[in-house]
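One structure is given below, encoded as C-alpha cells.
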Amino acid sequence: MTKKARTKGKKERETWRQESIVEYAYLVRHIASRFAMRLPSSVLFDELISAGSLGLIDAVDKFDPDKHVSIKTYAQYRIKGAILDELRSMDTYSRSMRKKIQDIAKATKKIEDEKGRPADDSEICGVLGVDLETYQNMLTDIHGAAVLSLDEFIKTKKNDPY
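Residue numbering for the sequence shown follows numbering that gives the first Met the number 0, starting at 0 and increasing by one per position.
Right, here's the structure in full:
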C-alpha cells in the first residue's frame with residue numbers, strides 16, 4: 000500500500016469519525032435525560048452529558064463493523080456504560096455498601112408495614128437472616144463509610160480555591 004493510499008484511508012476514517020459523532024450526539028442527550036429523571040438534583044446534567052459524550056467518542060473510535068452490530072446500538076451501550084461509570088465514581092458508597100443499605104432499608108420497611116410500628120434490631124436481623132453481631136457490624140460499616148466520605152469531602156474542599 001502506498002503512502003498516498005494510507006493517507007486517503009486515514010482521512011476517510013477521520014471524516015467518518017467526525018460525522019458519526021455529530022450524527023449520534025443526540026443519543027447522549029437522550030440517554031442522559033433518562034438517567035437524570037431518576038437521580039437527585041445534586042447530580043448535574045452537564046456531568047452526565049460529559050460522561051456520555053466520552054462514551055460516544057469511545058464507541059466511534061472502537062466500533063468494528065465486522066461484529067455485525069449497528070454503530071447506533073453499540074454507541075447506546077457505550078454511552079450508558081460511561082454514564083454509569085461516572086455515577087459510580089461520584090457515589091460515596093461502594094456497590095457492596097449500597098447493597099447493605101438497601102437490604103436494611105427493605106427489611107425495616109417490611110417490618111414496619113407489617114407491624115405498624117418501628118422495627119427493632121432483632122426483627123431486622125430475622126428478615127436479613129443474620130445474627131445481631133453481623134447486623135451491628137453492617138451498621139458500623141455503613142456509618143464508618145459515611146464519616147470517611149465526609150472526611151474526604153472536607154479534604155477536597157480545603158484544596159478547592161472556590
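Positions of the beta carbon are idealized from the N, C-alpha and C atoms, including for glycine. Note that this is a predicted model, so its numbers are computed, not measured.
Residues of its chain near residue i, where Cβ-Cβ distance is below 7 Å and the 5 sequence neighbours each way are ignored
i, result
"K109", "V126"
"D120", "L131 and Y134"
"A118", "T107, I110 and E111"
For residue i, three-class secondary structure by DSSP
i, result
"V59", "helix"
"G115", "coil"
"P64", "helix"
"T91", "coil"
"V126", "helix"
"L224", "Nothing about residue 224 can be reported from this structure: the residues present for the chain run from 0 to 161 only."
"R77", "helix"
"Y25", "helix"
"T19", "Thr is not the amino acid found at residue 19; the sequence shown has Ser there. Reduced to three states, the DSSP call for S19 is helix."
"M96", "helix"
"R37", "coil"
"S52", "helix"
"S69", "coil"
When the options are compared against residue i, the one with the closest alpha-carbon
i, options, result
"C124", "T139, A106, R116 and G115", "A106"
"M89", "K98, E46 and I100", "E46"
"M137", "G128, A118, I100 and K79", "I100"
"Y76", "S93, G54, H67 and R94", "G54"
"I103", "Y92, A74 and I141", "I141"
"E13", "K79, Y92 and K61", "K61"
"D63", "E113, G128 and W15", "W15"
"V194", "I78, V129, T91 and E113", "The requested residue 194 does not occur in the structure, where the chain is confined to residues 0 to 161."
Cutoff 6 Å; reference residue i; Cβ partners in own chain excluding five residues on either side
i, result
"A50", "A81, I82 and E85"
Cβ pair residue i, residue j closer than 8 Å
i, j, result
"V21", "S52", "no"
"V59", "S19", "yes"
"I56", "A31", "no"
Other residues of its chain near residue i: CB distance less than 8 Å, five sequence neighbours each side excluded
i, result
"K71", "Y23 and L26"
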